[in-house]
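Anchor point for the sequence shown: position 244 equals 245 in the working numbering, and the numbering is continuous, going up by one each time.
C-beta atoms are modelled at their ideal positions from N, C-alpha and C, and glycine is treated no differently.
These notes concern the structure reproduced below.
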Amino acid sequence: MSNSRISRRALLGTAAAAGGLTAFAGPWKHNRVWAQATDKPIRIGITSDASGQYANSGASDRRGMMMAISEVNDRGGVLGRKIEVTHIDTETTPATGSRVAERLISREDCGFLVGAVSSGVANAISQVAQRNGVIYLNTNSSSPTESGKNCHRVKFVWDGNGTNFAKAAVRNSIDAYGGKVLLLTNDYVWGHDTAKSTRALVEQYGGEIVDEILIPQGTRDFSAALLKIQQDNPAVVAAAVGGDDQIALRQQVAQLGMGAKPAWINNQQDWPDVYGLPLDNLFGVFGTTWYYGLDLPGVKEFVERYQAMYPDTSMRVPGNVFYNGYMATSELLKAIERAGSTNNIAIIKELEGHVMPAAERMQHDDAVIDPLTHQVQQSIYLATANDEPRDENDMFKILTQSSPQDVRDEGALEACKLESYEDTPTFDA
Numbered sequence: 002m003s004n005s006r007i008s009r010r011a012l013l014g015t016a017a018a019a020g021g022l023t024a025f026a027g028p029w030k031h032n033r034v035w036a037q038a039t040d041k042p043i044r045i046g047i048t049s050d051a052s053g054q055y056a057n058s059g060a061s062d063r064r065g066m067m068m069a070i071s072e073v074n075d076r077g078g079v080l081g082r083k084i085e086v087t088h089i090d091t092e093t094t095p096a097t098g099s100r101v102a103e104r105l106i107s108r109e110d111c112g113f114l115v116g117a118v119s120s121g122v123a124n125a126i127s128q129v130a131q132r133n134g135v136i137y138l139n140t141n142s143s144s145p146t147e148s149g150k151n152c153h154r155v156k157f158v159w160d161g162n163g164t165n166f167a168k169a170a171v172r173n174s175i176d177a178y179g180g181k182v183l184l185l186t187n188d189y190v191w192g193h194d195t196a197k198s199t200r201a202l203v204e205q206y207g208g209e210i211v212d213e214i215l216i217p218q219g220t221r222d223f224s225a226a227l228l229k230i231q232q233d234n235p236a237v238v239a240a241a242v243g244g245d246d247q248i249a250l251r252q253q254v255a256q257l258g259m260g261a262k263p264a265w266i267n268n269q270q271d272w273p274d275v276y277g278l279p280l281d282n283l284f285g286v287f288g289t290t291w292y293y294g295l296d297l298p299g300v301k302e303f304v305e306r307y308q309a310m311y312p313d314t315s316m317r318v319p320g321n322v323f324y325n326g327y328m329a330t331s332e333l334l335k336a337i338e339r340a341g342s343t344n345n346i347a348i349i350k351e352l353e354g355h356v357m358p359a360a361e362r363m364q365h366d367d368a369v370i371d372p373l374t375h376q377v378q379q380s381i382y383l384a385t386a387n388d389e390p391r392d393e394n395d396m397f398k399i400l401t402q403s404s405p406q407d408v409r410d411e412g413a414l415e416a417c418k419l420e421s422y423e424d425t426p427t428f429d430a
């Protein structure tokens with residue numbers, strides 16, 4: 002475990018340069034994952050989706066958290082205390098997310114909240130968490146606003162965001178295919194903010210936005226949007242469509258033979274959204290933070306631990322959503338250990354600026370928790386369909402990797418105004 006940290010000055014200087022839902026996932030269900038312990042347990046509230054557009058990703062997110070917690074409990078817990086978990090379904094709905102956060106804190110005595118896929122839900126949870134001084138880990142939602150205008154002192158953002166992924170993909174796509182770009186956008190906060198970042202980058206690199214088509218959440222028939230794309234004839238479609246919507250989109254694009262032309266950029270591709278789909282559904286280029294096929298130390302053993310803990314899940318290898326849930330929870334527990342306390346301010350200070358070596362993260366670059374925005378700055382990968390898979394799970398081919406400095410979201414840095422320590426309520430779990 003590394004105790005490395007990065008200062009504000011050093012960070013600014015660098016910048017200038019699926020199936021198988023496990024039993025614990027049920028809503029309103031207590032889940033005691035520890036044996037008898039004499040000390041008061043550390044209680045974590047899991048705030049991931051078990052229904053709605055991101056139910057599959059929510060299940061994967063929870064599996065990652067639970068594996069990290071199980072491993073720590075097997076070693077005796079943290080500070081001599083075991084970890085206890087309560088999960089409540091946030092239903093991919095911000096209003097439900099707020100109610101869930103309130104209940105987990107006030108009625109379930111949870112000292113930490115972990116989990117999110119929808120950025121709207123994450124924002125709602127984080128407002129409740131900040132009012133109570135409860136540390137909240139946003140594991141898997143990716144709107145730039147989460148580490149920008151909606152940042153909070155208690156919130157830490159573990160996924161790459163729409164700007165990070167767009168920076169990795171847009172210029173290469175314009176250079177390769179041309180500058181006429183059409184935006185295909187899920188009509189909610191993540192889609193809008195991702196499209197905004199993509200638009201700015203397209204214009205910066207000399208391209209042109211020829212149209213933007215808004216896709217309501219819950220869309221299953223994309224025929225009108227695809228007809229409009231054929232009529233506009235863009236060189237590139239930059240899609241910010243997620244969850245079950247994206248599954249339907251990919252299937253219909255493949256059925257119409259539109260996967261090769263125009264070129265497609267899917268800003269981010271979550272593993273649970275495509276696992277098990279035919280390879281012709283994986284058209285285009287898409288971003289991710291991690292892939293189980295990376296040839297890096299520790300990856301093989303990580304996959305083996307996943308398969309040993311979840312032998313019955315239909316998703317036979319872990320993906321980026323599981324990875325983010327695992328890493329966030331693991332680093333929270335390490336920070337508690339380093340702080341020697343469950344005091345929120347002490348733990349926040351341990352997380353801020355914390356450097357995570359590439360070898361521990363199973364990525365190509367060291368990652369750092371940005372002390373100014375609380376987003377994890379990390380490697381970003383571009384991938385496409387793997388036309389020479391080793392087995393049925395090997396669906397991605399990694400094309401490029403970008404360092405944290407190259408994809409840094411400067412807009413979030415400018416927009417984020419973290420509350421002071423003094424203005425953050427003190428909370429001890």
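Presumed contact (8 Å Cβ cut-off) between residue i and residue j, rounded CB distance
i, j, result
"Asn325", "Asp160", "5 Å"
"Ile126", "Gly98", "5 Å"
"Ser120", "Thr87", "Actually they are not in contact, since the Cβ atoms of Ser120 and Thr87 sit about 23 Å apart, beyond 8 Å."
"Lys181", "Ala236", "4 Å"
"Glu209", "Leu184", "Contact flag wrong, Cβ pair sits at about 11 Å."
"Val115", "Ile43", "So it is not a contact: roughly 12 Å between Cβ atoms."
"Val101", "Asp62", "Contact flag wrong, Cβ pair sits at about 14 Å."
"Asn345", "Thr427", "7 Å"
"Leu383", "Ala130", "Going by Cβ atoms, the distance from Leu383 to Ala130 rounds to 33 Å, so no, they are not a contact pair."
"Asp410", "Ser148", "7 Å"
Span of the beta strand (DSSP E), counted from its first residue to its last, around residue i
i, result
"Lys156", "Lys156 to Val158"
"Arg44", "Ile43 to Ile47"
"Lys418", "First-last for Lys418: undefined, no H or E at that position."
"Glu109", "That residue, Glu109, is in no beta strand (DSSP E); it is neither H nor E in DSSP."
"Thr374", "Counting along the chain, Thr374 falls outside any beta strand (DSSP E), and DSSP gives it neither H nor E."
Those residues which DSSP pairs with residue i across a bridge
i, result
"Ile210", "Val182"
"Tyr324", "None; Tyr324 has no bridge partner."
"Trp265", "Val238"
"Ser58", "Partner(s): none; Ser58 has no beta bridge."
"Tyr137", "Leu114 and Lys156"
"Ile381", "Ser403"
"Arg82", "Val79"
"Val356", "Val369"
"Gly288", "Leu383"
"Phe397", "Ala386"
"Leu334", "Paired residues: none, contrary to the question."
Range of the contiguous alpha helix (DSSP H) that encloses residue i
i, result
"Val129", "Ser120 to Asn133"
"Val254", "Gly244 to Gln256"
"Ala368", "That residue, Ala368, is in no alpha helix (DSSP H); its beta strand (DSSP E) goes Ala368 to Ile370."
"Asn345", "Asn345 to Leu352"
"Ile230", "Ser224 to Asp233"
"Gly192", "Val190 to Gln205"
"Val275", "Trp272 to Val275"
"Phe303", "Val300 to Met310"
"Glu361", "Ala359 to Arg362"
Buried versus exposed call for residue i [16 or more other C-beta atoms within 10 Å across all chains shown]
i, result
"Asp271", "buried"
"Ala430", "buried"
"Asn234", "exposed"
"Val122", "buried"
"Gly288", "buried"
"Arg64", "buried"
"Thr374", "buried"
"Gly207", "exposed"
"Tyr422", "exposed"
"Ala96", "exposed"
"Ser58", "buried"
- Message: I want to know whether the region 221-230 touches the region 240-258 - three or more CB-CB distances under 8 Å.
- Response: With a cut-off of 8 Å, the region 240-258 and the region 221-230 count as touching, because enough Cβ pairs lie within range.
- Message: For the region 338-350 against the region 162-181, do three or more pairs of beta-carbon atoms, one drawn from each stretch, fall closer than 8 Å, so that the two count as touching?
- Response: no
- Task: Check whether the region 302-314 touches the region 187-207, counting contact only when three or more Cβ pairs, one atom from each stretch, lie closer than 8 Å.
- Result: No, the region 302-314 is not in contact with the region 187-207.
- Is the region 288-300 in contact with the region 352-364, if contact means three or more CB pairs nearer than 8 Å? Touching, yes.
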